[in-house]
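In the working numbering, the protein residues as written are 3 to 100.
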């Protein structure tokens, strides 16, 4: 039985406190190994965006936006792959069907 993330304390080192419940909800959708990767990357993206924003009062908002967007897309794409929703790669020399 897998313990809920709320008791595991697998949260990013830095994050917006207002996003805590949402982050937990997203991380619970991942396997423990993938969850750790997502946690580390979330903190890195948050810090990079925070440092890159020159306007002091926009720093936290920019960091939250960038890190949360990346986490949302990662969970969506990784979740599909974990459930087996994958597509066959195109063959060399064929046109892709869009």
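Note that CB positions come from ideal geometry on N, CA and C, so glycine has one too.
Taking 7 Å as the cut-off, the beta carbon of residue 69 is found no closer than this to the beta carbon of residue 36. Rounded to whole angstroms, the separation of the alpha carbons of residue 44 and residue 28 is 12 Å. The three-state reading of DSSP puts residue 16 in coil, since its state is none of H, G, I, E or B. Excluding sequence positions up to five before and after residue 24, its CB lies less than 7 Å from no other CB in the same chain.
Between the C-alpha atoms of residue 51 and residue 93 there is a straight-line separation of about 38 Å. In the three-state reduction of the DSSP assignment, residue 77 falls in the helix class.
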